[in-house]
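Undergrad: Residues 52 to 328 in this note's numbering are what the first sequence lists, from first letter to last.
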Amino acid sequence: MPELPEVETTRRSLVPVLEGATINSAEVGRTRMLRRQPRPADFADRMRDRRVESLGRRGKFLLGHMEGDLTMVLHLGMSGRMQIQALGAERPAHTNVVLATDDAEVWMIDPRTFGFVVCLTPDEWDGSPFAALGPDALDALPRSPQLGAAITKRKSPLKSLLLDQHLIAGLGNIYADEVLHRARLHPLRLGASLDAEEVKRLRASIKPVLEAGLRHGGTTLDDLAYLLPDGRAGEYTQRLRAYGRTGQPCRTCGTPIERIVVTQRSTHFCPTCQPAD
DNA sequence: CCTCCATCCTGTGGGC
DNA sequence: TGCCCACAGGATGGAG
């Protein structure tokens, strides 16, 4: 659900509440949410009475830069969303993490618990998978030659490559399909098969798609699992060109959008605009 | 190192 | 109406 535009929208809404604030308490209702914390009990202890210096993001990971060189890493997984609430407000089911400041509570609501939260020392960070994340798709997108070098040595389908957070961080299943549609590249094309012009087209499609998603508050699908922290639904949903539009006419050429499965993920494309070869 | 695959969960919607 | 199954925005670790 939450991909880069949704996570960035979430980050922006949390900044006024968290940046500069001190965490008075950090409650974790489901210990599973702490499975990436080397010693789960450390989380609440490290967060308590510590100031949040800034709230950043890399790909789909929210990064709280905490006083004392600690880093809070928060990932929303498939079904996570954040809410800002008054102190003491009644918590709905699946409110798995609550950070309390002097002025407000920040809730992480995550029914499927694929999300997680940790607070790491610099050494723990260095040894963690988070340190190996690729460059952010919006803020640090590699130039075309570098991106091309990374892509053309891979034999995987483009769809899988765009979802590989080590290559570029931030795209998920929805926006990967949107990027490929905009780039007019078939999702099953292998990375190694791209020529320089196609790499350029692919690269040039990434930021416009993410920025459009961001501009419209992200994507909320039918089940409303994703909502902005203020409770609004994302409005990019109506603008999707490929994802979830199986059988509906391509907005460019009218051909019905097709759905296939690529490495276990549903994948949508226009067979005319995105030819297989 | 790369690629594929199962797995972790709960909720929802469709088909019968 | 109720039941069961398929499916869902993601990341990871192990096998080959």
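Glycine included, every Cβ here is placed at the ideal spot set by N, Cα and C.
Assuming residue 346 is part of the beta strand (DSSP E), what are its boundary residues?
TA: Residue 346 cannot be examined here, being either before or after the span of the chain that is shown, 52 to 328.
Undergrad: Apart from the five residues just before and just after residue 84, which ones in its own chain have a Cβ nearer than 8 Å to its Cβ?
TA: 147, 148, 159, 161, 164, 166, 167, 168
Undergrad: When we look at the beta-carbon of residue 187 and count the other beta-carbons within 10 Å, is it buried (16 or more) or exposed?
TA: buried
Undergrad: Would you decide whether residue 59 is buried or exposed? Buried here means 16 or more other CB atoms lie within 10 Å of its CB.
TA: buried
Undergrad: Among residues of its own chain, excluding the 5 on either side of residue 275, which ones have a beta-carbon nearer than 7 Å to its beta-carbon?
TA: Here residue 275 scores only 47 on pLDDT, less than 50, and its place in the model is too uncertain to base an answer on.
Undergrad: Over what stretch of residues does the alpha helix (DSSP H) that includes residue 62 continue unbroken?
TA: 55 to 69
Undergrad: Name the two residues that bound the continuous alpha helix (DSSP H) containing residue 209.
TA: 209 to 214
Undergrad: Following the continuous beta strand (DSSP E) through residue 136, name the residue where it begins and the one where it ends.
TA: 132 to 136
Undergrad: Taking the C-alpha atoms as reference points, what is the distance between residue 81 and residue 109?
TA: 25 Å
Undergrad: Closest by CA to residue 244, which one among 303, 212, 226, 217?
TA: Of 303, 212, 226, 217, the residue nearest in Cα terms is 212.
Undergrad: Taking DSSP as the reference, what is the three-state secondary structure of residue 327?
TA: coil
Undergrad: Would you mind giving the Cβ-Cβ distance between residue 103 and residue 70, rounded to the nearest angstrom? I have them listed as a contact below 8 Å.
TA: 6 Å
Undergrad: What are the uninterrupted segments assigned as beta strand (DSSP E) that are 3 or more residues long and contained completely in the segment 144 to 188, given in chain order?
TA: 146 to 151, 156 to 160, 167 to 171
Undergrad: With the cut-off set at 9 Å, would you say residue 228 and residue 294 are in Cβ contact?
TA: Yes; because the gap between Cβ atoms is below 9 Å, this pair is in contact.
Undergrad: How should residue 248 be labelled, buried or exposed, when 16 other C-beta atoms within 10 angstroms of its C-beta is the threshold for buried?
TA: exposed
Undergrad: Would residue 173 be called buried (16 or more neighbouring beta carbons within 10 Å of its own) or exposed?
TA: exposed
Undergrad: Enumerate, from N- to C-terminal direction, the unbroken alpha helix (DSSP H) stretches of 4 or more residues contained entirely within the segment 221 to 273.
TA: If we require 4 residues or more, the alpha helix (DSSP H) runs fully inside the segment 221 to 273 come out as 224 to 234, 247 to 266.
Undergrad: Determine contact between the segment 190 to 203 and the segment 224 to 240, defined as no fewer than three beta-carbon pairs at a distance below 8 Å.
TA: Touching, no, given that fewer than three Cβ pairs across the two stretches are closer than 8 Å.
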